[in-house]
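Taking it in order: structure first as structure tokens, then the write-up.
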Amino acid sequence: MDNRIYLSTKEMPSKYYNILPDLPTPLAMPLNPATKQPISPNDLAAIFPNALIEQEVSQQRFIDIPEEVREIYSLSRPTPLYRAFRLEKLLGTPAKIYYKYEGANPAGSHKINTAVAQAYYNKQEGVKKLVTETGAGQWGSALSIATNHFGMELEVYMVKVSYHQKPYRRTIMQLHGANVYASPTNRTNSGKAILEENPDSPGSLGIAISEAVELAASNPDVNYALGSVLNHVMLHQTIIGEETRLQFEKVGDYPDIIIASAGGGSNFAGLSFPFLRDKLSGTKKDLRVIAVEPSSCPTLTRGKLAYDFGDTAGYTPLLKMYTLGHNFMPPAIHAGGLRYHGMAPTVSNLLKNNMIEAMSFKQIEVFDAAKIFLQTEGILPAPESAHAVKAAMIEAEKCKQTKEGKTIVFNLSGHGFLDLASFETYLNNKMEDYQLPEETIFRYFADLPQIDE
Ligand SMILES: *Cc1c(COP(=O)(O)O)cnc(C)c1O
1 MDNRIYLSTK
11 EMPSKYYNIL
21 PDLPTPLAMP
31 LNPATKQPIS
41 PNDLAAIFPN
51 ALIEQEVSQQ
61 RFIDIPEEVR
71 EIYSLSRPTP
81 LYRAFRLEKL
91 LGTPAKIYYK
101 YEGANPAGSH
111 KINTAVAQAY
121 YNKQEGVKKL
131 VTETGAGQWG
141 SALSIATNHF
151 GMELEVYMVK
161 VSYHQKPYRR
171 TIMQLHGANV
181 YASPTNRTNS
191 GKAILEENPD
201 SPGSLGIAIS
211 EAVELAASNP
221 DVNYALGSVL
231 NHVMLHQTII
241 GEETRLQFEK
251 VGDYPDIIIA
261 SAGGGSNFAG
271 LSFPFLRDKL
281 SGTKKDLRVI
291 AVEPSSCPTL
301 TRGKLAYDFG
311 DTAGYTPLLK
321 MYTLGHNFMP
331 PAIHAGGLRY
341 HGMAPTVSNL
351 LKNNMIEAMS
361 FKQIEVFDAA
371 KIFLQTEGIL
381 PAPESAHAVK
391 AAMIEAEKCK
401 QTKEGKTIVF
411 NLSGHGFLDL
421 ASFETYLNNK
431 MEDYQLPEET
441 IFRYFADLPQ
451 IDE
């Protein structure tokens with residue numbers, strides 16, 4: 001058997017899968033942050049186009065992928081599904097390990113799948129400029145490619161430590177014509193407030209979101225774009241799993257275990273939701289689906305299911321999700337894309353209903369797994385994706401114990417070739433594992449907004 005399973009451009013799926021009508025319990029309504037009442041579409045129209053607001057609450061199971069979006073996808077999609085023969089051999093496991101390689105996309109991760117769709121729907125409604133935040137730069141660089149394609153302007157608020165310490169993705173954004181600012185800035189009230197308190201603030205994703213949302217809300221022809229968490233983002237990412245289903249059909253296989261890293265939940269949702277459809281309908285009751293996170297930002301494994309803000313200043317709608325509290329400051333781990341305090345409401349709903357599982361790992365063991373993967377399969381995983389590699393190795397080793405030839409598939413959400421500084425830290429034995437005491441976690445639960453339910 002070939003180690004790569006390809007689909008032709010013609011075979012690319014033409015519809016996204018919307019999990020909302022199939023969830024075991026209805027999704028809790030988002031609340032207006034000021035009134036704490038269910039949010040109206042009007043509240044959202046200041047920052048999002050109507051098409052995305054509709055997708056956010058749509059009960060339609062399949063949604064057409066616009067032709068122009070499919071055209072841009074076809075620059076790199078369908079992405080290959082690989083069989084990790086050499087990793088299987090090294091582990092001596094009877095399990096079959098597959099991975100979907102989203103690092104093959106422009107900017108090197110899955111984020112382009114929603115970036116292109118969001119830019120397209122905004123452009124359709126006459127929006128000329130988007131504003132967003134980015135941590136290590138994966139989301140900002142993906143969106144800069146998309147806005148460049150559609151001839152739109154882009155302003156990016158990049159977490160200040162990353163702006164200075166991780167300049168390469170900033171350069172990619174600038175090459176695509178985006179204006180990138182080190183957040184917190186003096187350009188917004190939320191940024192100014194933080195700087196007054198602490199002029200040396202290193203910034204955080206929560207602060208950068210506040211800045212971007214504030215700007216979008218106060219400018220009628222500017223909209224905001226978010227790279228994860230929201231229902232419409234999960235929807236656009238399902239192209240990953242829809243392709244993977246077709247690829248498994250080609251080789252006559254079907255996964256027993258699906259694994260992906262989870263920061264805000266989008267690459268996890270993208271791979272797993274199209275398969276979870278079979279579990280939710282009762283045809284694949286035994287399918288196991290595992291979300292993997294860092295032990296130092298343990299949203300699913302130690303967080304609380306509650307209404308919380310998506311940002312630090314409290315401008316975003318309140319979402320019911322697993323959260324560590326909007327003031328939680330995760331330790332400075334190298335998997336920047338997994339340092340978010342909350343989790344997508346859809347993913348949170350599925351965990352609460354026991355449809356999925358969650359696991360967490362410390363960063364040194366995750367980097368060990370990344371090294372083994374590079375040495376066997378030849379691809380350096382992004383530190384985020386390496387969490388999925390680690391979990392896949394553990395499940396494959398369990399199969400060795402039980403002598404079961406299970407089929408495991410994980411999402412290799414991105415490559416790590418722009419994260420070499422982190423791998424250098426690892427090689428020089430300068431990498432630390434952080435402990436997160438129970439008191440630290442409980443402290444931030446106290447800041448959760450009080451909601452009568
Ligand atoms: C952003 C990112 C993640 C985490 O975000 P999700 O929305 O949870 O997918 C994971 N892997 C890579 C490569 C990323 O860039």
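For the sequence shown, the positions run 1 to 453 when our numbering is used.
Glycine residues also receive a C-beta, built at the ideal position from the N, C-alpha and C atoms.
The model shown is predicted, which means the values in this text are computed figures rather than measured ones.
{"Item": "Given a threshold of 16 other Cβ atoms within 10 Å of its Cβ, counted over all protein chains shown, does P24 qualify as buried or as exposed?", "Value": "exposed"}
{"Item": "Using a threshold of 8 Å, state whether the C-beta atoms of E211 and P184 are closer than that.", "Value": "yes"}
{"Item": "Can you give the Cα-Cα distance for L418 and D433, rounded to whole angstroms?", "Value": "22 Å"}
{"Item": "Determine which residues share a DSSP beta bridge with I259 and list them.", "Value": "I290 and F410"}
{"Item": "For ligand 1, any of its heavy atoms closer than 7 Å to the Cβ of S296?", "Value": "no"}
{"Item": "Whose C-alpha, out of G203, P94, N42 and T171, is nearest the C-alpha of K403?", "Value": "P94"}
{"Item": "Under the DSSP definition of a beta bridge, which residues are partnered with D433?", "Value": "Beta-bridge pairing links D433 to no other residue."}
{"Item": "Is H326 helix, strand or coil when you go by DSSP?", "Value": "coil"}
{"Item": "Could you check if K89 is buried or exposed, using at least 16 other CB atoms within 10 Å of its CB as the buried criterion?", "Value": "exposed"}
{"Item": "Is L338 near ligand 1, judged by its Cβ being under 7 Å from some heavy atom?", "Value": "yes"}
{"Item": "Kindly list the residues whose CB is nearer than 7 Å to the CB of I364, restricted to its own chain and excluding five residues on each side of it in sequence; keep chain order.", "Value": "M431 and D433"}
{"Item": "What's the gap between the Cα of F248 and the Cα of N186?", "Value": "51 Å"}
{"Item": "Under the rule that 16 or more other beta-carbon atoms within 10 Å means buried, what is L420, buried or exposed?", "Value": "exposed"}
{"Item": "Can you tell me the Cβ-Cβ gap for Y101 and Y82, rounded? I've got them flagged as a contact below 8 Å.", "Value": "6 Å"}
{"Item": "Just mark Y17 as buried or exposed, buried being the case when its beta carbon has 16 or more other beta carbons within 10 Å.", "Value": "buried"}
{"Item": "Are I451 and L20 closer than 8 Å when you measure CB to CB?", "Value": "no"}
{"Item": "Any heavy atom of ligand 1 inside 7 Å of the beta-carbon of N198?", "Value": "no"}
{"Item": "Given a cut-off of 8 Å, decide if S190 and I207 are closer than it, judged by their beta-carbon atoms.", "Value": "yes"}
{"Item": "Of all the beta strand (DSSP E) runs that stay within the bounds of the segment 76-129, which reach a length of 3 or more residues?", "Value": "81-83 and 96-101"}
{"Item": "From E56, P381 and T316, pick the residue whose C-alpha is nearest to that of A216; which is it?", "Value": "T316"}
{"Item": "Quick check on the DSSP output: what are the complete beta strand (DSSP E) runs of length 3 or more inside the segment 167-225, in order along the chain?", "Value": "179-183 and 222-224"}
{"Item": "Using the three-state DSSP reduction, which class does T316 fall into: helix, strand or coil?", "Value": "coil"}
{"Item": "Anyone know if the C-beta pair for Y98 and V409 falls short of 8 Å?", "Value": "yes"}
{"Item": "Going by DSSP, what residue range makes up the alpha helix (DSSP H) through L350?", "Value": "P345 to K352"}
{"Item": "Is the separation between the beta-carbon of S360 and that of S413 shorter than 8 Å?", "Value": "no"}
{"Item": "Can you tell which of H326, L324, C297 and F309 has its C-alpha closest to the C-alpha of L479?", "Value": "The shown model of the chain, from 1 to 453, leaves out residue 479, and the question about it has no answer."}
{"Item": "Using three-state DSSP, classify I47 as helix, strand or coil.", "Value": "coil"}
{"Item": "Count the other CB atoms within 10 Å of the CB of Q435; is the residue buried (16 or more) or exposed (fewer)?", "Value": "exposed"}
{"Item": "Cβ atoms of I372 and A291: under 8 Å apart, would you say?", "Value": "no"}
{"Item": "Hey, how far is the Cα of A178 from the Cα of F423?", "Value": "28 Å"}
{"Item": "Under three-state DSSP, which class holds R4?", "Value": "strand"}
{"Item": "Please tell me whether P202 and V156 are closer than 8 Å, where the distance is taken between their beta carbons.", "Value": "no"}
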